[in-house]
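See below for the structure under consideration.
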Amino acid sequence: MNKNKRLNVSVAGDVLMGDNVTIVEPCNLYGCKIGNNCFIGPFTEIQKDVVIGNNCKVQSHTFICELVTIGNDCFIGHGVMFINDVFAKGGPARGDKNFWKATNIGNNVSIGSNATILPVNICDNVIIGAGSVVTKNIEKAGVYAGNPAKLIKTLK
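Residue numbers (numbering that gives the first Met the number 0): 0 to 155.
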């Protein structure tokens, strides 16, 4: 992995990038790890402790907060928002990370534009429709859409 390979991107803390990573300006990266052969679109923020696997594409205006892990061969559409604070205290945790929760995205997952992903686990081979809100774990390969996202088609 290369460390802080791109100087024309706002970087805070150690950012580890694999080979053949393309990052389009402007983009903010904070102590994350990005695998080989990835594309990160403009106006994207990836916070610390995020791990993105190999061969992933993250489109513009996406926000990936702390505690998110994304597998290999994933596509994250424009304007996707990942959430780690579910307001367990009745409002924002206000820096108390003990109330934050993790999100784990499997391999070969595609998330459509403007989807919102709450702290969940999503298995391999899943498609999330544009504008969907994922509120629960997804444990079966398939196509999910809606608010809240529901299975609309199974995949093999």
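Where a beta carbon is used, it is the ideal one built from N, C-alpha and C, also for glycine. Since the structure is predicted, the reported quantities are computational estimates derived from the model, not experimental observations.
Where Gly76 and Lys88 are concerned, what is the direct C-alpha to C-alpha distance, given to the nearest angstrom? Here residue 76 is taken as the residue at index 77 of the sequence shown, counted from 1. Here residue 88 is taken as the residue at index 89 of the sequence shown, counted from 1. Each residue's alpha carbon lies about 30 Å from the other.
Other residues of its chain near Val85: CB distance less than 7 Å, five sequence neighbours each side excluded: As a first step, residue 85 must be located in the sequence shown, where it is residue number 86. Within the same chain, Val85 has close Cβ partners Lys100, Leu117, Pro118.
Neighbourhood of Ile33 by C-beta, 6 Å cutoff - its chain only, sequence neighbours within 5 removed: In the sequence shown, residue 33 corresponds to position 34, counting from 1. Around Ile33: Met16, Val20, Ile51.
Tell me the start and end of each unbroken beta strand (DSSP E) in the stretch 66-146 that is at least 3 residues and wholly inside, in chain order. 67-69, 102-104, 108-110, 125-127, 141-144
Looking at the structure shown, is Lys155 part of a helix, part of a strand, or coil, going by DSSP? Locating residue 155 in the sequence shown gives position 156, where the first residue counts as 1. Looking at Lys155 - three-state DSSP - the assignment turns out to be coil, as it is neither helix nor strand.
For my contact list, Ile39 and Tyr29 are in at a C-beta cut-off of 8 Å; report their separation, rounded to the angstrom. Here residue 39 corresponds to residue number 40 of the sequence shown, with the count starting at 1. Here residue 29 corresponds to residue number 30 of the sequence shown, with the count starting at 1. About 13 Å; that fails the 8 Å criterion.
Going by other Cβ atoms of all chains shown within 10 Å of its Cβ, with 16 needed for buried, is Ala151 buried or exposed? Working through the sequence shown from its first residue, we reach residue 151 at position 152. Residue 151 is actually Ile in this sequence, not Ala. Ile151 comes out exposed.
What residue range is occupied by the uninterrupted beta strand (DSSP E) comprising Asn27? As a working mapping, residue 27 is identified with position 28 in the sequence shown. 26-29 is the extent of the beta strand (DSSP E) around Asn27.
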